[in-house]
Amino acid sequence: MLCTSTLAATATAGQGGGMECKTNRVRLRTGEVVDRHVHLERASNVRDMGGYATRFGRTVRRGRLYRAGELAKITDADIATLEALDLRLIYDLRTSIERERRPARSWGSQIRRLARDYRHSGADLPALAAAATPTAADMRDGMLALYRALPFDQAEAFKSIFQAAAAGELPLLFNCAGGKDRTGALAALMLDVLGVARPDIMADYLLSNVYLDAGRRRFHNHIGRQDVDPAVWEPMLIVDAAYLDAMFAAIDEVHGDIVGYFGWLGLGDAEINAIRTHLLEPE
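Per the UniProt record's numbering, residue 1 is the first one in the sequence shown, and the count goes up by one each step.
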């Protein structure tokens, strides 16, 4: 089940990887009710990642870490909103082709902008999309495979963002196309290393279904007019608890836990402690 309201939804991981929704607010496992959405006219799924409680008894700082979808069509009013965030770094996780086709608008001379030059991402699922008769099961299997690969395929980019956070190059924003898969995976890893509980990480991840629902419905209407079964594409258009579970399971299988994954990236206790120092409220 998908939430269909704009911001106000109770987002929790339901049985079978679904999303239980109510239509008046965002309520976390802790009972906290918050609005982290950065409201823009021409960009979706832009959020402040702060405000979550952690196992260290400290809260993730607000106004330090942002996640987003693409910023190609933002308006001047949107830029004014983003300027108020006082960003120091933006990392665009999209492929070179995505960035060439839909270049992000630029603002703020103080902002360092980074991206990795690569021509293909599993996030595109090109082979499945080009198949003559893909099924919804094929698409779902492809998404599960994508998430198992994301922490490794995107290691260079993820490491750069973790290093920037450790160095205090904040506030920072990272984004991809929809802000749900590459961005969602990185956001989950960042919250995990900060000590946020997995149910809250999952709730944050599943909120992409709220913010991207209007675009999802437009896509369904467009595909439906072409005599294509919209259900085939549904696994690519949503986030699902099973996807994120697959990512964490892959990390645990290969590296044991998030600390082991950081070690594989070449980031040790010093970097992890620095990230927590910069992104958690003081004790």
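All C-beta atoms, glycine included, are put in the ideal place defined by N, C-alpha and C.
Cβ shell of residue 286 (< 7 Å), same chain only, five flanking positions each side left out: The first residue shown for the chain is 1 and the last is 283, placing residue 286 beyond what the model contains.
Quick one: Cα of Leu144 to Cα of Ala241, how far? In the sequence shown, residue 144 corresponds to position 144, counting from 1. In the sequence shown, residue 241 corresponds to position 241, counting from 1. Straight-line Cα distance between these residues: approximately 10 Å.
Could you tell me the alpha carbon to alpha carbon distance between Phe152 and Met49, rounded to whole angstroms? Here residue 152 is taken as the residue at index 152 of the sequence shown, counted from 1. Here residue 49 is taken as the residue at index 49 of the sequence shown, counted from 1. In a straight line, the C-alpha of Phe152 is about 23 Å away from that of Met49.
Looking at the unbroken beta strand (DSSP E) that takes in Phe174, where does it start and where does it end? Numbered from 1 along the sequence shown, position 174 holds the residue referred to as residue 174. Judged by DSSP secondary structure, Phe174 falls within the beta strand (DSSP E) whose first and last residues are Leu172 to Asn175.
Reducing DSSP to helix, strand and coil, say where Arg25 ends up. Within the sequence shown, the letter at position 25 stands for residue 25. Any answer about Arg25 is weak, because its pLDDT of 43 lies below 50 and its placement is not dependable; what the coordinates show is given next. In this structure, Arg25 counts as coil in the three-state DSSP scheme.
Going by DSSP, what residue range makes up the beta strand (DSSP E) through Arg112? Here residue 112 refers to the residue found at position 112 when the sequence shown is read from its first residue. Segment Arg112 to Ala115, the beta strand (DSSP E) holding Arg112.
Give the straight-line distance between the Cα atoms of Ile97 and Gly57, rounded to the nearest whole angstrom. Residue mapping note: residue 97 aligns to position 97 of the sequence shown, counting from 1. Residue mapping note: residue 57 aligns to position 57 of the sequence shown, counting from 1. The straight-line gap from Cα to Cα measures roughly 43 Å.
If the criterion is Cβ atoms closer than 9 Å, does the pair Arg47 and Tyr243 meet it? Position 47 of the sequence shown, counted from the first residue, corresponds to residue 47. Position 243 of the sequence shown, counted from the first residue, corresponds to residue 243. Contact flag unset, no.
Bridge-paired residues (DSSP) for Ala53: Taking the first residue of the sequence shown as 1, we reach residue 53 at position 53. Per DSSP, Thr59.
Pick helix, strand or coil for Val196, following the three-state DSSP scheme. Numbered from 1 along the sequence shown, position 196 holds the residue referred to as residue 196. The answer is strand: DSSP assigns Val196 an E or B state.
Range of the contiguous beta strand (DSSP E) that encloses Leu89: The residue labelled residue 89 in the question sits at position 89 within the sequence shown. From DSSP, the beta strand (DSSP E) with Leu89 extends over Leu89 to Asp92.
If you reduce the DSSP assignment to three classes, tell me which class Tyr118 lands in. Position 118 of the sequence shown, counting from 1, holds the residue named residue 118. Secondary structure of Tyr118 (DSSP, three-state): coil.
Report the partner residues of Ala68 according to the DSSP bridge assignment. Here residue 68 refers to the residue found at position 68 of the sequence shown. Partner(s): Asn175.
How about the segment 74 to 82 and the segment 98 to 109: do they share at least three Cβ pairs that are nearer than 8 Å? Pairwise C-beta distances place the segment 74 to 82 in contact with the segment 98 to 109, as three or more of them are shorter than 8 Å.
I'd like the list of long-range same chain contacts for Tyr147, defined as Cβ closer than 6 Å, with 5 residues on each side in sequence excluded. In the sequence shown, the residue the question calls residue 147 occupies position 147. Cβ neighbours of Tyr147 beyond the five flanking positions: Tyr243, Ala246 and Met247.
In the DSSP output, what is Asp48 paired with across the bridge? Working through the sequence shown from its first residue, we reach residue 48 at position 48. In the DSSP assignment, Asp48 forms a beta bridge with Tyr66.
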